[in-house]
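Heads up: the sequence shown begins at 1 in the UniProt record's numbering, then just goes up one per residue.
Cβ atoms here follow ideal geometry from the backbone N, Cα and C, with glycine treated the same way.
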Amino acid sequence: MFFKKGDPGGPGWLYALLPGLGGVVLTVGVALAMHTTDQASFCGSCHSMSEAALTHQRSVHAKLACNECHAPYNLVAKVPFKTKEGMRDMYVTATSTIPDLIHPGGETRDVTQANCLRCHAETTSTVVMTSKPYCTDCHRSVPHMPKIPVAERSAADA
């Protein structure tokens, strides 16, 4: 069947429907990718983060996704932050320049601090933090338990 230009039964509705469907697919895909890459199972899949994933799994924060602490809460800030950090992680992995001890530094440390204060606002409202600027300065083993000695690991933990 052929349609004439301007025909009310013509394919004009397709020109609106296809971009709309494309937008829905793109939105769902991005949301799924954001959710998947926030999870400990994703982060721990890299050899360099396996110890962090293991210690997180045994901590009081085990039910939280990694990026609930390690990425900005605000989605507008989170997307470029995750992009930058993901590119950095891929670079150090590809160039084999992963440090022996991985600690959040710079902007990541500030983001982590903001998330501690956001979730624990009621508790921290009475804390005077003049001697040390970050929660993890005193509570180092809360988000990730200290490194588990080899003698105490199960075969699956190695």
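Margin query: Please classify A94 as buried or exposed, where buried requires at least 16 other C-beta atoms within 10 Å of its C-beta.
Written below: exposed
Checklist line | Cβ pair H139, T55 closer than 9 angstroms | finding: no
Next item on the list: Express the C-alpha separation of C116 and A52 in angstroms, rounding to a whole number.
Entry: 18 angstroms
Next item on the list: Please determine if the region 103-123 and the region 72-79 are in contact, where contact requires at least 3 C-beta pairs separated by less than 8 angstroms.
Entry: yes
Note to self: According to DSSP, is C46 part of a helix, a strand, or is it coil?
What the structure shows: coil
Check: When burial is assigned at 16 or more other CB atoms within 10 Å of the CB, is T136 buried or exposed?
Finding: buried
Notebook entry, point to check: Thinking C-alpha only, which one of Y91, S41, H47 is nearest N67?
Noted result: S41
Check: Does the Cβ of M87 have 16 or more other Cβ atoms within 10 Å, making it buried, or fewer, making it exposed?
Finding: exposed
Check: When DSSP labels each residue in this structure, what does T93 get in the three-state scheme?
Finding: helix
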